[in-house]
Amino acid sequence: MKLWKKVLAATAASACCLSFAQVSGFQNLLQTAEPVLSASAASGTYEDLTYSVNSSGEITITDCDKTVTAVEIPAEIDGCPVTSIENAAFRRCSNLTDITIPESITYIGKEAFSYTPWLKARQAENPLVIVNHIVIDGQTCTGDVVIPDGVTSIANYAFSSDLGLATACSTQMTSVTIPDSVTRIGSSAFSGCKGLLRVVLPKSITTIEVASFYQCSSLTTLTIPQGVTTIKSNAFAACTGLTGLCLPDSLTKIENWAFASCSNLTRITVPASVTSMGESIFRECSGLTIRGYADSTAQRYAEKYSIAFADLNNPDTLLGDVDNSGSIDSTDIYYALFHVANIAVGNDSGLEIQQIAAADIDCNGAVDSTDIYYLLYYVALHGAGLDKSWSEVLAK
């Protein structure tokens, strides 16, 4: 029975690999016919596996015989490398207890192994299921989660509650620390993790993917690191615990609904580097003030959507002026230190809401040592005659 499958696999894969031969005139013809090849010839079966082949000659495992008990994925099929496992490829293989995954696999889709005995056994060994340096599942994680150094990516939906159902991670995971070895956090990776209070993002990522932290409603502490250039749609939508945020100077693009329904978000600093802002980014953020710079994309966006705007280089802007004196000096540093010290021992500092907002330099929702550092740095620079803007100070 399996012999004819191997013959079919060899035929399909050989046809695919032939399409990448550098034969004069033939290459252009293949490029023209690529949609047809993708839909027909570039697919096949290998033993109990079904696969597809992309235009670069790389193979993705797309399905499997649901009755299998053990599977060995090959590193290549007739010379074409096997590099990916498609979404739900092994989902509900209810007898699958053993699977061999080659190092050639660099991408694993969402719920690739959901509802398999193999995944349940791996979860029992360690709530963080890691394959080829990819976190593919964290559904059973609780408490403070530290992703180990060496992990390079977090799969789509890795910690997201399945079909909206409550899971351990969606209600009991309180913090996540992600190392700098991680270069990609997948779409909806932490979507629906409503118990998540704090996230430490790595400096190595450049994009916050679609809905990565959607509906993380308890999230209060968040710093988006320098190096991030794009925040995609719904990335932080419905994060109702966020009250303030300072976006990095590396950022250039914010997509549709990125912070929609963040109903308690009152202030966000948008740097001059941002040149593209999508539709309804701050929809249902009724008390928001955008802090930015005159004639910037942020100011024009605020005017278009009738959102309050504060120019960071305007003396009337509260940032740093804790005592509301019209200048930023040692007195403001004193008040910020006084607030931090009192909060640390459980006392009320006596500062008004607007004063606390002025002292929250990095806009993370809390006044802490980082804000004291920025105030000290700002005052020292200006004391030395260096008239640096908050944008330049915050870039340090």
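In the working numbering, the protein residues as written are 212 to 607.
Glycine included, every Cβ here is placed at the ideal spot set by N, Cα and C.
Bear in mind the structure is a predicted one, so any value in this text is a computation, not a measurement.
Checklist entry - Tell me which same chain residues have a C-beta within less than 6 angstroms of the C-beta of residue 251, skipping the five on either side of it? => result The predicted position of residue 251 is uncertain, since its pLDDT is 38 and thus under 50; a value taken from the coordinates is nonetheless stated next. There are no such residues.
Next on the checklist: Can you look up residue 327 in the DSSP assignment and give me helix, strand or coil?
Outcome noted: coil
Next on the checklist: Tell me which residues share the same chain as residue 367 and place their Cβ nearer than 7 angstroms to its Cβ, disregarding the 5 neighbours each side in the sequence.
Outcome noted: 320, 321, 397, 398, 399, 400
Next on the checklist: Taking contact to mean 3 or more Cβ pairs, one atom from each stretch, closer than 8 angstroms, check whether the segment 550-566 and the segment 403-417 are in contact.
Outcome noted: Contact fails: fewer than three Cβ-Cβ distances are below 8 angstroms.
Item to check | From 469, 497, 381, residue whose alpha carbon lies closest to that of residue 355 | outcome: 381
Checklist entry - Which residues bound the beta strand (DSSP E) around residue 257? => result 254-257
Checklist entry - To the nearest angstrom, how far is it from the Cα of residue 427 to the Cα of residue 451? => result 8 angstroms
Next on the checklist: What does the alpha-carbon distance come out to for the pair residue 604 and residue 585?
Outcome noted: 7 angstroms
Item to check | residue 591 classed as buried or exposed, judged by whether at least 16 other C-beta atoms fall within 10 angstroms | outcome: exposed
Next on the checklist: Per DSSP, what are the beta-bridge partners of residue 433 in this structure?
Outcome noted: 410
Checklist entry - Measuring CA to CA, which of 360, 334, 504 is closest to residue 350? => result 334
Checklist entry - Does the beta-carbon distance from residue 304 to residue 327 come in below 8 angstroms? => result yes
Next on the checklist: Please classify residue 267 as buried or exposed, where buried requires at least 16 other C-beta atoms within 10 Å of its C-beta.
Outcome noted: exposed
Next on the checklist: Using only the alpha-carbon positions, how far apart do residue 402 and residue 593 sit?
Outcome noted: Their backbone Cα atoms lie some 43 angstroms apart in a straight line.
Checklist entry - Going along the chain, which residues of its own chain have a beta-carbon closer than 6 angstroms to the beta-carbon of residue 371, five neighbours each way excluded? => result 399, 402, 403
Item to check | Assumed close pair residue 271, residue 263 - CB separation to whole angstroms, cut-off 8 angstroms | outcome: 5 angstroms
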